[in-house]
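J.:
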Amino acid sequence: MDEPDETLMARYAAGGDRAAFHTLFERYAARITAYFRRATGDAVVASDLAQTTFLHVHRARRDFDTSRSFRPWLFAIASNVRREHWRRIQRKPEAPLEAGPESSVPPQASTASDRLVRRAVEQLPDNQREVILLRWYSELSFPEIAQTLGIKTTAAKVRSHRAIKALRALLGGTDV
Amino acid sequence: MRRVSTVPPDLWTRIEADLDQPSARDRLVSLSTALRRGIAAGVLLVAGATLVGAQGVREDLNSSGWALFALCGGLLAVVGGLGVFTALRSRARAPIPTWPWVPLTWAVLLGWSAVGPWPGMTGIPLEIHIYCFEVTSTMVIGVSFLIALLERARRPVPWRVGLIAAGAGLIAFAFQSVFCPGIDLAHLVLGHGGAGIVWAAVAMGVAWVFRQR
Chain A
221 MDEPDETLMA
231 RYAAGGDRAA
241 FHTLFERYAA
251 RITAYFRRAT
261 GDAVVASDLA
271 QTTFLHVHRA
281 RRDFDTSRSF
291 RPWLFAIASN
301 VRREHWRRIQ
311 RKPEAPLEAG
321 PESSVPPQAS
331 TASDRLVRRA
341 VEQLPDNQRE
351 VILLRWYSEL
361 SFPEIAQTLG
371 IKTTAAKVRS
381 HRAIKALRAL
391 LGGTDV
Chain B
157 MRRVSTVPPD
167 LWTRIEADLD
177 QPSARDRLVS
187 LSTALRRGIA
197 AGVLLVAGAT
207 LVGAQGVRED
217 LNSSGWALFA
227 LCGGLLAVVG
237 GLGVFTALRS
247 RARAPIPTWP
257 WVPLTWAVLL
267 GWSAVGPWPG
277 MTGIPLEIHI
287 YCFEVTSTMV
297 IGVSFLIALL
307 ERARRPVPWR
317 VGLIAAGAGL
327 IAFAFQSVFC
337 PGIDLAHLVL
347 GHGGAGIVWA
357 AVAMGVAWVF
367 RQR
């Protein structure tokens with residue numbers, strides 16, 4: 221049977237067990253990369269941010285509380301990395317935030333409806349966009365999102381509801 | 157909606173390369189958050205005590221104002237402690253919004269004013285302005301460097317380093333009052349408050365240049 225994430229992280233934190241960290245990487249690298257790719261629309265940037273996230277996991281390993289879930293802890297780090305990246309590129313006009321972020325997404329990986337939805341998601345306020353990224357693209361539950369963002373579960377649900385409502389309006393009533 | 161992603165084949169190799177060659181700072185920031193906060197608080201306490209020991213406290217506080225001194229010291233410890241606590245917060249926690257620092261800063265400054273009117277000297281010569289600026293600058297640079305050393309961010313974010321330097325400036329401004337009786341407005345601006353503003357601007361400028369590379 222697969223070892224729980226929390227046990228692996230505890231082993232890595234306690235003794236620096238690299239194999240345990242690698243297993244966690246294998247379990248979550250795709251999801252973390254997808255999260256950043258959806259957030260930035262750029263495969264190269266997403267890869268860099270995923271690398272930064274796992275390095276932060278390594279640095280913060282001694283802060284991990286084994287009585288709590290690993291996934292919200294990991295995504296809280298990813299969320300902070302995304303937020304810092306967002307702030308950085310907001311001050312850097314040449315960065316591809318608003319202008320055609322799908323340019324580096326290969327056509328076969330991005331349908332027309334995907335691109336429409338991604339553009340709409342980019343127009344959401346940051347706190348709503350975050351919930352959408354975590355819920356739909358990273359497949360976190362509402363309690364996990366709440367833990368990730370340090371808010372109540374009901375607040376996470378409210379943000380998600382508002383985000384979906386805003387997306388519907390942006391997409392002209394299309395089912396999201 | 158579907159999740160579209162492929163993990164770059166070299167991602168783990170890049171991460172391992174970083175893990176295999178940790179710098180001294182990597183080791184430092186890999187300490188637990190509690191320990192990093194403890195180190196920062198300890199260093200600040202020792203530095204503060206050393207500075208007070210070397211400079212001596214104001215004579216008027218020494219003779220009659222110990223309660224006031226204790227109140228200000230307590231206030232300073234709370235603000236400085238909160239600053240260190242926030243600046244060294246774990247990356248795995250949701251960030252604390254920065255706006256509460258604005259009313260908090262004002263509350264401290266108003267509180268500082270409310271415990272006065274402070275006895276003190278006016279008509280201060282330029283050398284004293286410069287001397288106090290140097291002392292305050294030493295504190296600002298020292299505190300900022302300490303926080304930057306223990307903070308886990310990989311690349312400096314201009315607003316963040318500016319905030320840290322400004323926070324250090326606030327701590328230094330308040331701390332300076334412990335041993336400098338100057339209440340002259342020009343002296344407070346040039347000698348005490350100016351260092352925080354100047355070094356916050358310098359830190360933001362350096363971070364901005366660094367970011368452009």
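Those sequence lines, one after another, are chains A and B. For the first sequence, our numbering assigns the number 221 to the initial residue and increments by one for each residue that follows. For the second sequence, our numbering assigns the number 157 to the initial residue and increments by one for each residue that follows. C-beta: ideal position from N, C-alpha, C; glycine also.
Run through chain A and tell me which residues come within less than 7 angstroms of P164/B, C-beta to C-beta.
T.: Taking the first residue of the second sequence as position 1, residue 164/B is located at position 8. Simply S267.
J.: Could you check what DSSP says for G237/B in three-state terms: helix, strand or coil?
T.: One-based indexing of the second sequence puts residue 237/B at position 81. Note: G237/B maps to helix in three-state DSSP.
J.: Among A226/B, A363/B, T206/B, which residue has its Cα nearest to the Cα of G315/B?
T.: Reading the second sequence from its first residue, position 159 is the one you call residue 315/B. Sequence check: residue 315/B is Trp here, not Gly. Per the Cα distances, A363/B.
J.: Consider the Cβ of T186/B: report whether some Cβ of chain A lies at a distance smaller than 7 angstroms.
T.: Position 30 of the second sequence, counted from the start, is the residue given in the question as residue 186/B. At residue 186/B the sequence reads Ser, which differs from the Thr that was named. Chain A, which has a Cβ nearer than 7 angstroms to the Cβ of S186/B, makes this yes.
J.: Can you tell me whether N195/A is buried or exposed, with buried defined as 16 or more other CB within 10 angstroms of its CB?
T.: In the structure as shown, chain A begins at 221 and stops at 396. Residue 195/A is therefore absent and cannot be evaluated.
J.: For L317/A and Y357/A, what's the separation of their Cα atoms in angstroms?
T.: Taking the first residue of the first sequence as position 1, residue 317/A is located at position 97. Taking the first residue of the first sequence as position 1, residue 357/A is located at position 137. In this predicted model, L317/A has a pLDDT of only 44, less than 50, meaning its place in the structure is not dependable; the value taken from the coordinates is given anyway. Taking the straight line from one Cα to the other gives about 19 angstroms.
J.: In its own chain, which residues sit with a C-beta less than 7 angstroms from the C-beta of E350/A, not counting the 5 before and 5 after it?
T.: Within the first sequence, residue 350/A is the residue found at index 130, counting from 1. For E350/A, where only same-chain residues beyond five positions count, the Cβ hits under 7 angstroms are S299, L369.
J.: Tell me whether T227/A is buried or exposed, calling it buried when 16 or more other Cβ atoms sit within 10 Å of its Cβ.
T.: Within the first sequence, numbered from 1, the residue matching residue 227/A stands at position 7. Result: exposed.
J.: Are the region 261-276 of chain A and the region 284-291 of chain A touching, with three or more C-beta to C-beta distances below 8 angstroms?
T.: Taking 8 angstroms as the limit for Cβ pairs, the verdict is that the region 284-291 of chain A does not touch the region 261-276 of chain A.
J.: To the nearest angstrom, how far is it from the Cα of I280/B to the Cα of I286/B?
T.: Stepping through the second sequence from its first residue, residue 280/B is reached at position 124. Stepping through the second sequence from its first residue, residue 286/B is reached at position 130. Cα to Cα, the separation comes out at about 11 angstroms.
J.: Per DSSP, what kind of secondary structure is G338/B in: helix, strand or coil?
T.: Mapped onto the second sequence, residue 338/B falls at position 182. Here G338/B sits in strand by DSSP.
J.: In terms of residues, what are the limits of the alpha helix (DSSP H) holding E172/B?
T.: Stepping through the second sequence from its first residue, residue 172/B is reached at position 16. Where E172/B is concerned, the enclosing alpha helix (DSSP H) stretches over 167-176.
J.: Got a sec, what are the start and stop residues for the alpha helix (DSSP H) P363/A sits in?
T.: The residue labelled residue 363/A in the question sits at position 143 within the first sequence. Here the alpha helix (DSSP H) through P363/A covers 362-369.
J.: Nearest by alpha-carbon distance to H348/B: which of T294/B, L302/B, L187/B is it?
T.: Within the second sequence, numbered from 1, the residue matching residue 348/B stands at position 192. Checked all of T294/B, L302/B, L187/B; the closest Cα to H348/B is T294/B.
J.: Between which two residues does the alpha helix (DSSP H) carrying R343/A extend?
T.: For the purposes of this step, residue 343/A is identified with residue 123 of the first sequence, where counting begins at 1. Residue 343/A is actually Gln in this sequence, not Arg. For Q343/A, no alpha helix (DSSP H) run applies, since DSSP gives it neither H nor E.
J.: Provide the residue span of the alpha helix (DSSP H) that contains T373/A, from first to last.
T.: Here residue 373/A refers to the residue found at position 153 when the first sequence is read from its first residue. Counting along the chain, the alpha helix (DSSP H) containing T373/A begins and ends at 373-390.
J.: In three-state DSSP terms, what is F284/A?
T.: Position 64 of the first sequence holds residue 284/A. F284/A falls in the coil class under three-state DSSP.
J.: Excluding the 5 residues preceding and the 5 following A197/B in the sequence, name in chain order all residues of the same chain whose CB lies nearer than 8 angstroms to its CB.
T.: In the second sequence, the residue the question calls residue 197/B occupies position 41. Within the same chain, A197/B has close Cβ partners G237, V240.
J.: Using a Cβ-Cβ cut-off of 7 angstroms (strictly less than) and excluding sequence neighbours within five positions of T169/B, which residues of its own chain qualify?
T.: Taking the first residue of the second sequence as position 1, residue 169/B is located at position 13. For T169/B, where only same-chain residues beyond five positions count, there are no Cβ hits under 7 angstroms.
J.: Answer yes or no: does any C-beta atom of chain B fall closer than 7 angstroms to that of A239/A?
T.: Against the first sequence, residue 239/A aligns to sequence position 19. By this cut-off, A239/A is not an interface position.
J.: Can you tell me whether DSSP reads G229/B as helix, strand or coil?
T.: Your numbering for residue 229/B matches position 73 in the second sequence. Reduced to three states, the DSSP call for G229/B is helix.
J.: Can you tell which of T292/B, P164/B, V317/B has its C-alpha closest to the C-alpha of V365/B?
T.: Counting from 1 along the second sequence, the entry for residue 365/B is found at position 209. Per the Cα distances, V317/B.
J.: Can you tell me which of the three DSSP states T331/A falls into?
T.: Within the first sequence, residue 331/A is the residue found at index 111, counting from 1. The answer is coil: DSSP assigns T331/A none of H, G, I, E or B.
J.: In three-state terms, what does DSSP make of T162/B?
T.: In the second sequence, the residue the question calls residue 162/B occupies position 6. If DSSP states are grouped into helix, strand and coil, T162/B belongs with coil.
J.: Can you check whether the C-beta of I171/B is within less than 7 angstroms of a C-beta belonging to chain A?
T.: By 1-based counting over the second sequence, the position of residue 171/B is 15. Output row for I171/B: interface = yes.
J.: By the DSSP assignment, the alpha helix (DSSP H) with A248/B in it spans what residues?
T.: Taking the second sequence and counting its residues from 1, one reaches residue 248/B at position 92. From DSSP, A248/B is part of no alpha helix (DSSP H); its letter is neither H nor E.
J.: Taking C-beta to C-beta, are D237/A and S188/B nearer than 7 angstroms?
T.: As a first step, residue 237/A is located in the first sequence; it is residue number 17 there, counting from the start. As a first step, residue 188/B is located in the second sequence; it is residue number 32 there, counting from the start. Against a cut-off of 7 angstroms, the Cβ pair of S188/B and D237/A comes out as no contact.
J.: Anyone know if the C-beta pair for F241/A and Y232/A falls short of 7 angstroms?
T.: By 1-based counting over the first sequence, the position of residue 241/A is 21. By 1-based counting over the first sequence, the position of residue 232/A is 12. A contact, by the Cβ cut-off of 7 angstroms.
J.: Decide if the region 174-194 of chain B is in contact with the region 267-280 of chain A; the criterion is three or more beta carbon pairs, one per stretch, under 8 angstroms apart.
T.: yes
J.: Taking the C-alpha atoms as reference points, what is the distance between R335/A and R257/A?
T.: Here the question's residue 335/A lines up with position 115 in the first sequence. Here the question's residue 257/A lines up with position 37 in the first sequence. Cα to Cα, R335/A sits roughly 12 angstroms from R257/A.
J.: Less than 6 angstroms between the CB of V362/B and some heavy atom of the ligand GDP, yes or no?
T.: Judged by which ligands are present, the structure shown has none, so any question about the ligand GDP falls away.
J.: Output the boundary residues of the alpha helix (DSSP H) element that contains V345/B.
T.: One-based indexing of the second sequence puts residue 345/B at position 189. Annotation: V345/B is outside any alpha helix (DSSP H) and is labelled neither H nor E by DSSP.
J.: Under 7 angstroms, Cβ to Cβ, is there at least one residue of chain A near S246/B?
T.: On the second sequence, position 90 is the one that residue 246/B refers to. It does; some Cβ of chain A falls within 7 angstroms.
J.: Answer yes or no: does any C-beta atom of chain A fall closer than 7 angstroms to that of A356/B?
T.: Here residue 356/B refers to the residue found at position 200 when the second sequence is read from its first residue. No, because no Cβ of chain A sits closer than 7 angstroms to the Cβ of A356/B.
J.: Do you know offhand how far L341/B's Cα is from F335/B's?
T.: One-based indexing of the second sequence puts residue 341/B at position 185. One-based indexing of the second sequence puts residue 335/B at position 179. Those two C-alpha atoms are separated by around 17 angstroms.
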